Amino acid sequence: MSTPIYSKTNLFIAWQYLSARKKQSFLAMLGVMLGVTTFIVMINFMTGVNDFLDDAVFNGSPDIIIASKTKAESSKQVFGNQLKTIVDVGSIDDLLSKNENVQSFAHQLITPAILVSSTTQLPGSINGVFPDQEQQMVDLERRLIEGNGFQSLLEENSIILGISLANRLKVSVGDELKMILPNGKNAKLKVSGIFSFGITTIDNVRTYFSASTLQKLLDQDQKITHVHVKLKDRDDVSLKHQIVEQIASIATEDWKDSNKTIVIGNKVRDILTWSVSFALLLVAGFGIFNILNITVIQKRKDIAVLKTMGYSSKDIVFIFLVQSLIIGLIGAVLGLLFAYVICYMISTTPLDTSDFIIVETYPINFKPIYFCMGFAFGVLTTILAGYMPSKKASKVDPVTIIRGL
Amino acid sequence: MIIKASHIDKYFDQPERHQVLHGVSLEIAQGELVSIYGESGSGKSTLLYILSTLDTDFGGKLWIKDQNIKDVSAGDLTNFRNQHIGFVYQFHYLLPEFDVLQNIMLPAMKMGVKTKEQIKEDALLLLQEVGMQDFAKRPSYQLSGGQQQRVAIARALINNPDLIVADEPTGNLDQKNTEMVFDLLKKITEEKGKTVIMATHNSKIYQNSHRAIEMIDGSVRL
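Chains as they are written, first to last, in the UniProt record's numbering: chain P, 1 to 405; chain U, 1 to 222.
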């Protein structure tokens, strides 16, 4: 008859050993806590930034843009009369409807224009959209600050503006604007909505306008300049090459081309986050390994005595492993709490608005999965770190220890 | 017979292979106080470890309580020791992280038959028997050598084993404590019917044992 290895007795012994080394145990626990905290905070913060950028960029711009091939000489004619319209829209539509990776696509007629308010005049980019199509592409409702979304464009001469542009024009919803198109035509507009993607390059110039109205104003009946495509799997851009191969005089650009800096930035942040977090957990693990290892060396005689008393090798492994597990669990739980506090503090810290991003506080995630991961990695590290010394302790041979005085 | 040993041989491989025990045979009856004495290196401790099942790497045969030790697996042997053998060492080896009472309770807590309360009662009774009842809550490292050895004897007795194995139990003690510890060991054979086997250098001790076995160069002198 003897007690199982997970008995209260073994827990009691483990606890006595731990509490006999309060300072060391506390420091080891602190190590785990900091490792877990840093892991969670860094991952939440970095993914928060990545998600924010992804969200802003990818929601504001399509995954693939299809446009007519722009020739070098004609690119100078910004205000020229000619619009680079796509000739073969039908075959593009055909191709896109058949492709399985296409989630949705929309036609646009984009033209530069001058916007004139009662106080000033500014250049802007007029995105002529078809409200029903564009709704599948851009979640504008979430971005609206004032007024209404795409459906308001059904009302003739309504325009939706980016917040920065609206601010500089000093207009708000309901105000009137005049638009001067490249072909010299004027139109009176009414601001029906104001949006913000949080990215200045978009909020500064972009406007949404009814494509069919724009077609009439520009005398480009049924013509469009761009097709925007949203993919199911954004990383698979093989469609891009397919289009170029099959349809002549067409240029395509995918999200990676248009957002190179953001893509690279995300990658660098990812690498940094994971390597730093793991390095910290590793250091915490070494701390525990060290403490237990020293304890095992110092306590070889005690271990030998426990073994002569009837404690088996498995009991000994358990007794020492439990010590690192206790350190790991307490450290990881404190790490969770501490990480939450820090994440909260970051999320409420005001961010000085740069020109590129418009955001009030630092973007940070509070994803439960990252908290779970931090906890799991913390505990796992301590178990791994504790295992070797525990195994070593269990191999102590009472005879050699007692004889070898 | 509580112990029956037949032609026990033992070799050490370090520093080079040599024989330390040469066909040792002996029998020990229940209730005996047996001393094994001899010079350093005569093999008395080695024999003691074999007789107490700590060392199972030997030639020959050994029965303890009619159990052939070679037939018992390592795991079962740990339990066997837990139930049937109590240990006392030259250096008392009380665990410093635990108080006196807890030290005594540890082997019984491992056995797990009695409740913690029962074990505590037993431990307090044993402390009384060894005259250490006032020290129950003391950390073990605060005790003197003689006191620690008395606690170690109480610890050896907690699971009520039939056999107590003592390796130089008085080797580290002064005259007065040596007598006290020896009297205690004698008492547990005579009053409780335990068997005590001890290795010793002390002539006063082996001369006053029920039986003294002399070891010379790995053999028992008859």
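Every residue gets a Cβ at the ideal spot worked out from N, C-alpha and C, and that includes glycine. Computed from a prediction, not measured in an experiment: that's the story for all the values here.
query	result
Cut-off 7 Å between Cβ atoms - residues of its own chain near P/Thr361, not counting five sequence neighbours on either side	Ser347, Thr348, Thr349, Pro350, Leu351
P/Asp93, enclosing alpha helix (DSSP H) - first and last residue	89-98
U/Asp167 vs U/Gln90 beta-carbon contact at 8 Å	yes
Environment of U/Asn103 [buried if 16+ CB atoms lie within 10 Å]	buried
Chain-ordered neighbours of P/Gln16 on chain U, where CB pairs are closer than 7 Å	Glu97, Phe98
Contacting residues, own chain, Cβ-Cβ under 7 Å from P/Asn50 (five flanking each side not counted)	Asn266, Arg269
C-beta neighbour in chain U for P/Ala393, strict 8 Å	no
Reduced DSSP category for U/Gln30 - H, G, I as helix; E, B as strand; rest coil	coil
Any chain P beta carbon closer than 8 Å to U/Met109	yes
Identified DSSP bridge partners for P/Lys395	P/Lys395 is not bridged to any residue.
Cβ-Cβ separation, P/Ser192 to P/Glu155 (assumed contact under 8 Å), whole Å	7 Å
Complete runs of the beta strand (DSSP E) confined to the stretch 13-80 of chain U [at least 3 residues]	18-28, 33-37, 59-64
Inter-stretch contact (C-beta, 8 Å, three-pair minimum) for the stretch 217-229 of chain P and the stretch 48-67 of chain P	yes
Short CB-CB distance (under 8 Å) between U/Gly75 and chain P	yes
Which listed residue (P/Tyr344, P/Asp203, P/Gly378) has its alpha carbon closest to that of P/Lys367	P/Tyr344
contact_flag[the stretch 125-138 of chain P, the stretch 91-106 of chain P] where n(CB pairs < 8 Å) is 3 or more	yes
Span separating the alpha-carbon of P/Leu11 from that of P/Leu380	19 Å
Limits of the unbroken alpha helix (DSSP H) element including U/Glu117	116-129
Delimiting residues of the alpha helix (DSSP H) encompassing P/Leu161	From DSSP, P/Leu161 is part of no alpha helix (DSSP H) but of the beta strand (DSSP E) over 158-162.
Inter-stretch contact (C-beta, 8 Å, three-pair minimum) for the stretch 19-32 of chain P and the stretch 194-207 of chain P	no
Residues near P/Ser258 in its chain [Cβ-Cβ closer than 8 Å; skip 5 each side]	Ser61, Ile65
P/Ser7 to P/Gln16 span [Cα, whole Å]	14 Å
Closer than 8 Å to chain U by CB, P/Pro398	yes
Under 9 Å from the C-beta of P/Tyr311: neighbouring residues of chain U	Thr78, Asn82, Leu106, Pro107, Lys110
7 Å Cβ cut-off: residues of chain P touching U/Tyr54	According to the sequence provided, residue 54 of chain U is Leu. The question's Tyr does not apply to it. Within 7 Å Cβ-Cβ: Thr308, Pro398, Val399.
Three-state secondary structure (DSSP) of P/Asp221	coil
Boundaries (first-last residue) of the alpha helix (DSSP H) holding P/Arg142	140-143
Close Cβ partners of U/Ile205 (< 7 Å) along its chain, the five nearest in sequence each way excluded	Ser35, Thr170, Phe182
Which of helix, strand or coil DSSP assigns to U/Glu179	helix
Buried or exposed by the 16-neighbour rule on C-beta atoms within 10 Å, applied to U/Glu121	exposed
Interface residues of the stretch 260-284 of chain P facing chain U [CB-CB below 7 Å]	none
Cut-off 8 Å between Cβ atoms - residues of its own chain near P/Val205, not counting five sequence neighbours on either side	Pro123, Gly124, Ser125, Gly162, Leu165
Best match in P/Thr120, P/Ile114, P/Gly374 for proximity to P/Thr273 [C-alpha to C-alpha]	P/Gly374
Within chain P, the residues that U/Phe87 reaches when beta carbons sit closer than 7 Å	Thr308
Contacts around P/Ser394, its chain only, beta-carbon distance under 6 Å, and the 5 residues preceding and following it disregarded	Ser313, Ile316, Val317
Beta carbon proximity, P/Ser7 to chain U, threshold 8 Å	yes
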